[in-house]
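Reading through the structure tokens given below for one structure.
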Amino acid sequence: MRLSRAKVNFLSRQIIDALQAHPSVQLFRDPNSVRLAIVEIMQEELRRDDYIDRKARQKIASQKRDIPEGGREWEILYRQYYREEFDRHRPVRG
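Quick look at the structure:
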């Protein structure tokens, strides 16, 4: 999924506003530092999603016969390959 820098910044501000408005949430860093961390996480996830999308499309393109994008077979293969790549590249957070 493609999101512009402006959209990522907008969403990160919305998240910070929601966190600050919640009575049981306390930020232990200044809101802009937290917002910048949110931006970095979002960008990392978007890069990972783009990579997985490219890998799934490459697998479909490497089939012996042409499978036109948008068709039922293409959609099924895309979901299958996307899930395989997603599982292979799942981030480990602790």
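With the numbering used here, the residue at position 3 of the sequence shown is 525, and numbering never jumps.
Note that the Cβ used here is the ideal one computed from N, Cα and C, for glycine as well.
Element boundaries [alpha helix (DSSP H), containing residue i]
| i | result |
| --- | --- |
| residue 546 | Note, residue 546: premise wrong, no alpha helix (DSSP H); not H, not E. |
| residue 570 | 553–583 |
| residue 599 | 594–610 |
Residue i, buried or exposed, once every other Cβ within 10 Å from all chains shown has been counted against 16
| i | result |
| --- | --- |
| residue 557 | buried |
| residue 607 | buried |
| residue 560 | buried |
| residue 574 | buried |
Sub-9 Å separation of residue i and residue j beta-carbons
| i | j | result |
| --- | --- | --- |
| residue 494 | residue 541 | The structure shown has nothing for residue 494, since the chain only spans 523 to 616. |
| residue 582 | residue 603 | yes |
| residue 563 | residue 553 | no |
| residue 600 | residue 587 | no |
Euclidean distance between Cα positions of residue i and residue j
| i | j | result |
| --- | --- | --- |
| residue 570 | residue 543 | 30 Å |
| residue 596 | residue 585 | 11 Å |
| residue 610 | residue 536 | 31 Å |
| residue 555 | residue 594 | 45 Å |
| residue 605 | residue 527 | 27 Å |
| residue 612 | residue 546 | 30 Å |
| residue 591 | residue 549 | 46 Å |
| residue 529 | residue 598 | 30 Å |
| residue 572 | residue 531 | 19 Å |
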